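This report refers to the structure that appears directly beneath it.
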Amino acid sequence: MNNSESIRADKWLWVCRFFKTRLISGKMIKFGKIRVNGRKLTKGSSLIRKGDVITLTKNNEILVVRVLSWPLRRGSAKNLQDWYENI
102 MNNSESIRAD KWLWVCRFFK TRLISGKMIK FGKIRVNGRK LTKGSSLIRK
152 GDVITLTKNN EILVVRVLSW PLRRGSAKNL QDWYENI
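Add 101 to the 1-based position in the sequence shown for the numbering used here, that's all there is to it.
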């Protein structure tokens, strides 16, 4: 796991498998579909930190998760519970 204090929002959404590509995650941010701690994001370069609450819309479903960590690179879906928890 990565020990840095923050990660780009578009990258976190991609490595945690919310979106198939980083480009799609960036577009979802640009279109206002992602919130961090209740604040709407407008740039993929916005930073996410451990403990942040992410709210997103995917497939007409609202998901709310808390950031626990992130991997160094995109990996297996079986490790998702290490990276975030559903609220």
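Note that beta-carbon positions come from the ideal geometry of N, C-alpha and C, so glycine has one too. Treat the numbers as computed from the prediction; the structure is a model and nothing was measured.
Determine the extent of the alpha helix (DSSP H) in which residue i is found, giving its start and end residues.
i	result
lysine 128	123 to 131
leucine 114	110 to 116
Return helix, strand or coil for residue i, following the three-state DSSP convention.
i	result
lysine 159	strand
asparagine 187	strand
leucine 181	helix
Since residue i contacts residue j with CB under 8 Å, what's their CB separation in whole angstroms?
i	j	result
isoleucine 149	alanine 110	5 Å
tryptophan 171	tryptophan 115	That pair is no contact at about 10 Å.
valine 165	aspartate 153	Not confirmed; about 11 Å, so no contact.
When the Cα of residue i is compared with those of the options, which residue comes out closest?
i	options	result
tyrosine 185	Glu162, Lys141 and Phe119	Phe119
The beta strand (DSSP E) with residue i in it runs from where to where?
i	result
leucine 148	148 to 150
arginine 136	135 to 137
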